[in-house]
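Here the structure comes first, spelled out in structure tokens, and everything after it is commentary.
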Amino acid sequence: AQSVSQHNHHVILSEAASLELGCNYSYGGTVNLFWYVQYPGQHLQLLLKYFSGDPLVKGIKGFEAEFIKSKFSFNLRKPSVQWSDTAEYFCAVFAGNNRKLIWGLGTSLAVNP
Amino acid sequence: SQTIHQWPATLVQPVGSPLSLECTVEGTSNPNLYWYRQAAGRGLQLLFYSVGIGQISSEVPQNLSASRPQDRQFILSSKKLLLSDSGFYLCAWSVGQGTDTQYFGPGTRLTVL
Numbered sequence: 397a398q399s400v401s402q403h404n405h406h407v408i409l410s411e412a413a414s415l416e417l418g419c420n421y422s423y424g425g426t427v428n429l430f431w432y433v434q435y436p437g438q439h440l441q442l443l444l445k446y447f448s449g450d451p452l453v454k455g456i457k458g459f460e461a462e463f464i465k466s467k468f469s470f471n472l473r474k475p476s477v478q479w480s481d482t483a484e485y486f487c488a489v490f491a492g493n494n495r496k497l498i499w500g501l502g503t504s505l506a507v508n509p
Numbered sequence: 036s037q038t039i040h041q042w043p044a045t046l047v048q049p050v051g052s053p054l055s056l057e058c059t060v061e062g063t064s065n066p067n068l069y070w071y072r073q074a075a076g077r078g079l080q081l082l083f084y085s086v087g088i089g090q091i092s093s094e095v096p097q098n099l100s101a102s103r104p105q106d107r108q109f110i111l112s113s114k115k116l117l118l119s120d121s122g123f124y125l126c127a128w129s130v131g132q133g134t135d136t137q138y139f140g141p142g143t144r145l146t147v148l
């Protein structure tokens, strides 16, 4: 069955530290890839997405992600985190023509000031 | 611009009582609509999705049902709530073939006592 794995469940960083959150999926065909973020008390919102083209995609608030097809990965990165990046981060994948968005379990990020 | 509304924001219900959660979308026509349940540490579970009025697909057999009486209205219901129905319920919408970005509402926190 198709699945999405987020390797880090809880991450704690200090401000200005670099961030990389891992996301791997299990599907060998065409995928649409997403990172969503849920700030405390706010809606789940789109951070960035990849459908095709340049595998390095840039999103809001300085985040970026790189699609590596050979590794079935879509890792999220930010060079320097801020306290306001404290949130829950979810990776999600559409696999082929399947209309069901497959979600990772999420990574809780806490950034200490 | 498109907006999505959910109500109520929070709900406390006794076991065995009925449930009705409503979701409406503004600013778009013929959206795909989704109901998810989000549990801490368990990601998002797709419950139902709809591609049009009266068209509902159920992903998980359970105590809940969904209806779409109007193009931009999606309702989640139960005749008799169980303790296990407690959770955070999210409505989302998308357009197109159903593999594009999903946009989420603010959610309803349901507690069944």
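So the protein lines, in turn, are chains A and B.
FYI, in my numbering the residues of the first sequence are 397 to 509.
FYI, in my numbering the residues of the second sequence are 36 to 148.
Positions of the beta carbon are idealized from the N, C-alpha and C atoms, including for glycine.
Chain A partners of Gln48 (chain B), CB-CB under 9 Å?
-> Ordered by position in chain A, no residue passes the 9 Å Cβ test against Gln48 (chain B), which lies about 22 Å from the chain.
In angstroms, rounded to a whole number, what distance separates the CA positions of Leu472 (chain A) and Ile464 (chain A)?
-> Answer to the nearest angstrom: the Cα atoms are 12 Å apart.
Between B:Thr146, B:Pro141, B:Gly122 and B:Leu79, which lies nearest to Pro436 (chain A) when the distance is taken from Cα to Cα?
-> Here the closest residue by C-alpha is B:Pro141.
In angstroms, rounded to a whole number, what distance separates the CA positions of Asp106 (chain B) and Cys487 (chain A)?
-> About 29 Å.
Which of helix, strand or coil does DSSP assign to Ser119 (chain B)?
-> Ser119 (chain B) sits in a helix when the DSSP states are folded into three classes.
Under 6 Å Cβ to Cβ from Gln37 (chain B), same chain only, skipping five residues before and after it: list those, please.
-> Correct list, in chain order: Gly62 and Thr63.
C-beta atoms of Arg144 (chain B) and Thr45 (chain B) nearer than 7 Å = Result yes, Cβ atoms of Arg144 (chain B) and Thr45 (chain B) sit closer than 7 Å.
Roughly how far, in whole angstroms, is the beta-carbon of Leu125 (chain B) from the beta-carbon of Phe139 (chain B), given that I think they are within contact range, below 8 Å?
-> In this structure Leu125 (chain B) is in contact with Phe139 (chain B), their Cβ atoms being roughly 5 Å apart against a cut-off of 8 Å.
With 7 Å as the threshold, decide whether the Cβ of Leu118 (chain B) is near any Cβ in chain A.
-> Taking 7 Å as the threshold, the shortest C-beta distance from Leu118 (chain B) to chain A does not fall below it.
Assigned secondary structure, Gly500 (chain A) (DSSP; H/G/I helix, E/B strand, else coil) | Of the three classes helix, strand and coil, the one that applies to Gly500 (chain A) here is coil, per DSSP.
One or two residues paired with Tyr596 (chain A) in a DSSP bridge | The structure shown has nothing for residue 596 (chain A), since chain A only spans 397 to 509.
Could you say if the segment 398–417 of chain A and the segment 500–508 of chain A meet the contact criterion of at least three C-beta pairs nearer than 8 Å?
-> Three or more Cβ pairs drawn from the segment 398–417 of chain A and the segment 500–508 of chain A lie within less than 8 Å of each other, which places the two stretches in contact.
Through-space distance from Val400 (chain A) to Trp499 (chain A), alpha-carbon basis = In a straight line, the C-alpha of Trp499 (chain A) is about 6 Å away from that of Val400 (chain A).
Asn65 (chain B) to Val477 (chain A) span [Cα, whole Å] | When the Cα atoms are used, Asn65 (chain B) and Val477 (chain A) turn out to be separated by approximately 39 Å.
Helix, strand or coil for Lys465 (chain A) per DSSP?
-> Here Lys465 (chain A) sits in helix by DSSP.
Decide if the segment 46–55 of chain B is in contact with the segment 115–131 of chain B; the criterion is three or more beta carbon pairs, one per stretch, under 8 Å apart.
-> In this structure the segment 46–55 of chain B touches the segment 115–131 of chain B; the number of beta carbon pairs closer than 8 Å is three or more.
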